[in-house]
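Trainee:
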Amino acid sequence: MDYYAGVDLGATNVRAAVATDDGTTVGIDRRPTPRGPTGIDVTEGVLRTVRRACSDAGIAPESIVAAGIGSIGPFDLAEGTVIDPANLPDSIDRIPLTGPVEKLIDSDEVHLHNDTTAGVIGERFHADRNPDDMVYITISSGIGAGVCCDGDIMGGWDGNAGEVGHYLVDPRERLTCGCGHDGHWEAYCSGNGIPNYTRLLAEDDPTITTDLPLEDPDFTAKDVFDFAGEDELADYVIEQLAHWNAIGVTNVIHSFAPIVVSFGGAVALHNEELVVDAIRDRVSEMVMTNMPEIRVTDLGDDVVLEGALASALTGGTGDRRRL
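Under the numbering used here, the first residue of the sequence shown carries the number 89, and numbering increases by one thereafter.
#1: Using only the alpha-carbon positions, how far apart do residue 256 and residue 276 sit?
#2: With a 10 Å radius around its C-beta and 16 neighbouring C-beta atoms as the bar for buried, classify residue 411 as buried or exposed.
#3: Between 152, 402, 104, which lies nearest to residue 138 when the distance is taken from Cα to Cα?
#4: Rounded C-beta distance between residue 367 and residue 334? I'm assuming under 8 Å.
#5: Enumerated in chain order, which unbroken segments of the beta strand (DSSP E) with a length of 3 residues or greater are wholly contained in the stretch 346 to 384?
#6: Just list the residues that DSSP pairs residue 107 with in beta bridges.
#7: Could you check what DSSP says for residue 195 in three-state terms: helix, strand or coil?
#8: Measure the beta-carbon distance from residue 120 to residue 101 and round it to whole angstroms, keeping in mind my assumption that it falls under 8 Å.
#9: CB residue 400 to CB residue 168, shorter than 9 Å?
#10: Compute the beta-carbon to beta-carbon distance between residue 269 and residue 253, rounded to the nearest angstrom, for a pair I have assumed lies under 8 Å.
#11: Take residue 194 and list the residues in its own chain whose beta-carbon comes closer than 7 Å to its own, dropping the five residues that flank it on each side.
#12: Do you know whose CA, among 319, 287, 339, lies nearest residue 298's CA?
#13: Could you check whether the stretch 182 to 192 touches the stretch 207 to 216, counting it as contact only if at least three pairs of C-beta atoms, one from each stretch, sit closer than 8 Å?
#14: So, residue 471 versus residue 106, is the Cβ gap smaller than 9 Å?
#15: Would you mind reading off the limits of the alpha helix (DSSP H) that contains residue 326?
#16: Look up residue 222 in the DSSP assignment and give the residues it is bridged to.
#17: Using only CA atoms, which one of 290, 283, 329, 326 lies nearest to residue 308?
#18: Mind the definition here: the stretch 332 to 346 touches the stretch 369 to 377 only if three or more C-beta pairs lie below 8 Å; say whether that holds.
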């Protein structure tokens, strides 16, 4: 029997799973992502997690014939490394992945994707229709997308395709994104951006009443959604978020003509009615091409790990015909 491995490398946790050739998971492990001091320490953490998942499955790592990796970025695909990851300590400049995993499993079939690309591979693999045209969008601490167009997974020459969170949505450019540029979708609607946007709207109209803890350094996007229906400012913010989200999603639809747009990420998953339903209602009036199905992933927080496994099983495609 052949075995396959999937790895989800995030800023907080690294997870690995082992599956048989029919996609049945037989081993899994999860550990906190090492905080350095160097990228090699993170690499060792990934390899250790894969070994433990193999041990849980009762196999040696050399029994793995292919692996998929869904990871934080950005990438240097030529070297198979993560370079200067934003949410890890500054001392971590490069995280080698492809080569060390190839050596561990004694196979050169290792597919490296950013996390949202792994997400669309998982969504495609598990969808009833296994569609050739779909997009997976995560709205979490940041915003990004994985794209499958005409059956091809769009990774980009450097592995960094799908950075839709950096679409310019606000021509007034009133908020600065974490990337350093202004007016980006992510600056307004991501989990990290929503608190800043809320404070900006409060400054714009001091007559809006609110009980939101705007001055609390621990004020988060969750506070805004928790006050929905009970706080004037929270409701106004959520309405404006729907506006920017609809612009971003409309741009995605016009760019890639997906049949399905699937959402994940903490902001979308925990606030489906206020975020995804609101997008669906607005986008239907803005799209001039065919309107796709807009849904929330059924895979929850496992979408990247499932996508990494699906990548290993299908040669990096999520196409079930490749099984």
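Note that beta-carbon positions come from the ideal geometry of N, C-alpha and C, so glycine has one too. From a predicted model like this one, the values you see are computed outputs, not experimental measurements.
Mentor: According to the structure data:
#1: A direct Cα-Cα distance of roughly 11 Å separates residue 256 from residue 276.
#2: Per the 10 Å Cβ criterion, exposed.
#3: It is 104.
#4: Confirmed, about 6 Å.
#5: With a minimum length of 3 residues, the continuous beta strand (DSSP E) runs that stay inside the stretch 346 to 384 are 348 to 352, 381 to 384.
#6: Beta-bridge pairing links residue 107 to 92, 113.
#7: If DSSP states are grouped into helix, strand and coil, residue 195 belongs with coil.
#8: Correct: roughly 6 Å between the Cβ atoms.
#9: With a cutoff of 9 Å on beta-carbon distance, residue 400 and residue 168 are scored as not near each other.
#10: About 11 Å; that fails the 8 Å criterion.
#11: Excluding sequence neighbours, residue 194 sits near 150.
#12: Of 319, 287, 339, the residue nearest in Cα terms is 319.
#13: No contact exists between the stretch 182 to 192 and the stretch 207 to 216.
#14: Residue 471 is absent from the model: the chain starts at 89 and stops at 411.
#15: Here the alpha helix (DSSP H) through residue 326 covers 320 to 344.
#16: Looking at the DSSP assignment, residue 222 forms a beta bridge with 236, 348.
#17: The residue with the shortest Cα to Cα distance from residue 308 is 283.
#18: In the pairwise beta carbon analysis, the stretch 332 to 346 is classified as touching the stretch 369 to 377: at least three pairs are separated by under 8 Å.
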